[in-house]
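K.L.:
Just so we're aligned: 570 in my numbering is position 381 of the sequence shown, and the numbers increase by one with no gaps anywhere.
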Amino acid sequence: MMGLRLCSWASLGSLLSLLFSTSVAYIATRENCCILDDRFGSFCPTTCGIADFLNKYHPAVDNDLQEMERTLQRISNSSVTTEHLIQHIQGLYPSEKQTLPNSIDDFTQKSRKIMEEIMRYENTILSHETTIQQLTDTHIMNSNRITELKEKIAQLELLCQEPCKDRAEIQETTGRDCQDIANKGARKSGLYFIKPQRAKQSFLVYCEIDSYGNGWTVLQRRMDGSVNFNRTWQDYKKGFGSVDGRGRGEFWLGNENIHLLTQNDTLLRVELEDWDGNAVFAEYLIQVGSEAEGYALAVSSYEGTAGDALITGWVEEGTEYTSHAQMKFSTFDWDQDHWEENCAEMYGGGWWYNSCQAANLNGIYYLGGHYDPRYNVPYEIENGVVWLPFKASDYSLKTVRMKIRPIETL
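1) Exposed or buried, residue 481, counting other C-beta atoms within 10 Å across all chains shown (16 or more means buried)?
2) Write down every uninterrupted run of the beta strand (DSSP E) in the region 367-407 whose length is 3 residues or greater and which is fully enclosed by it, in chain order.
3) Can you say whether residue 308 is buried or exposed, counting buried as having 16 or more other CB atoms within 10 angstroms of its CB?
4) Quick one: using the 10 Å Cβ neighbour count with 16 as the cut-off for buried, is residue 465 buried or exposed?
5) In terms of DSSP beta bridges, what is residue 592 paired with?
6) Please give me, in chain order, every unbroken run of the alpha helix (DSSP H) with length at least 4 that falls completely inside the region 408-475.
7) Cutting at 6 Å between CB atoms, please list the residues of its own chain near residue 436, excluding the five before and the five after it.
8) Can you give me the start and stop residues for the beta strand (DSSP E) that residue 534 sits inside?
9) Name the residue from 487, 468, 551, 446 whose alpha carbon lies nearest to the alpha carbon of residue 454.
10) Straight-line CA distance for residue 288 to residue 275?
11) Quick check: residue 484 and residue 493, are their CB atoms within less than 7 Å of each other?
12) Assuming residue 510 is part of the alpha helix (DSSP H), what are its boundary residues?
13) Look up residue 559 in the DSSP assignment and give the residues it is bridged to.
14) Could you tell me the distance, in whole angstroms, from the CA atom of residue 532 to the CA atom of residue 320?
15) Identify whether residue 280 lies in helix, strand or coil by the three-state DSSP scheme.
16) Where does the unbroken beta strand (DSSP E) through residue 359 begin, and where does it stop?
17) Within 10 Å of its beta-carbon, does residue 584 have 16 or more other beta-carbons around it, so buried, or fewer, so exposed?
18) Roughly how many angstroms lie between the CA atoms of residue 565 and residue 516, to the nearest whole one?
19) For the region 420-433 against the region 513-530, do three or more pairs of beta-carbon atoms, one drawn from each stretch, fall closer than 8 Å, so that the two count as touching?
20) Starting from residue 493, trace the beta strand (DSSP E) in both directions and tell me its first and last residue.
21) By the three-class DSSP mapping on this structure, what secondary structure does residue 343 have?
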């Protein structure tokens, strides 16, 4: 460690004997000196020389040893810390979970999930944009409708400011029906009281008497959408709406009254007009059953220009699903149709629904004719005033009139 090389213990003993036996100095050579080191000068070291050498270098060696001890202590401390860290890691990943997670695969999976979430949110945003556009279109349509209703309200308010007076003139002649009244000489169309056979009391109707002396009893009228036709079973049974002395107004005469008026051979005439002024008609022989029979519609013998919606129905959808012959009457609160759902609820009015219809003259009244069923609430469906052989299901008719008279006029 001190850089001294002793030849052997025997050589060292000879050297010490020589040093003690003589004090005569001599010149050191490689032949007569076992140690020749430049640090000892040009003489071989004596015991004092070695002591001086040791005293000279001992402090430095001690410092080196102390520094080595401190270094070893730091290494020992680091080893303990490292051992604790290893134990901590082993605690995090016990023997049954020795396999550490593959960071690359883990981050790849997380990235893939994040991308999937981003795509899902993008699709959601796109679908919401479509919904917003639909709602915007609906809002515009409703705003236009509100403007029209405000104009109508303003007109009605002006009428309400006028003095109240009865404008309806009720004619004096009475009879079993309008044909009976015409047979008694009446030639003026207007309001009359009639009392059919088996009726318990008289009721007011509008009689349309033509130039041929035919007396038609008007059952239904649609002209402006002022009356809601999405009504209950009891409303349709008793009738609702109003009609003035000129036949203007919207109303339904009532299923019970229609039943009483159609016990004998009865001709039904349906008159339709679109928003361009095109007028067509359809005629049938009909009979309406009692309430116990569901006010079922017996219908036959079509003639006319409107197309046969009641018997043939809508051929493209199938007569067995759209014909109204022998169908019972249905309302949203009394479902008697042949569909698993409720046609009256879906299509917005009472009618002789099948599964569901080729005609729906009591449907929702839409201004202007064409309407988009996608914006209908609550069901996106063609629920307008329709007669499919005449106009498509997304076209709501402007005016409708249903009227009847007995086949035998005298």
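Backbone N, C-alpha and C fix where the C-beta goes; we use that ideal spot for every residue, glycine too.
Please read all numbers here as calculations on a predicted model, not as lab measurements.
P.N.:
Based on what the coordinates show:
1) Counting Cβ neighbours within 10 Å, residue 481 comes out exposed, since fewer than 16 surround it.
2) 379-383, 392-398
3) exposed
4) Under this definition residue 465 is an exposed residue.
5) DSSP, once it has assigned bridges, lists 407, 458 as partnering residue 592.
6) 422-427, 444-450
7) 395
8) For residue 534, no beta strand (DSSP E) segment is defined; the enclosing uninterrupted segment is the alpha helix (DSSP H) at 532-536.
9) 487
10) Caution is warranted here: a pLDDT of 49 is assigned to residue 288, below 50, making its placement in the model unreliable, and no coordinate value can be reported.
11) no
12) 508-511
13) Bridge partners of residue 559: 584.
14) Between the alpha carbons of residue 532 and residue 320 lies a distance of about 26 Å.
15) helix
16) 359-364
17) Buried, since its Cβ has 16 or more Cβ neighbours within 10 Å.
18) Linking residue 565 to residue 516 through their CA atoms gives a straight-line distance of about 26 Å.
19) yes
20) Residues 486-493.
21) helix
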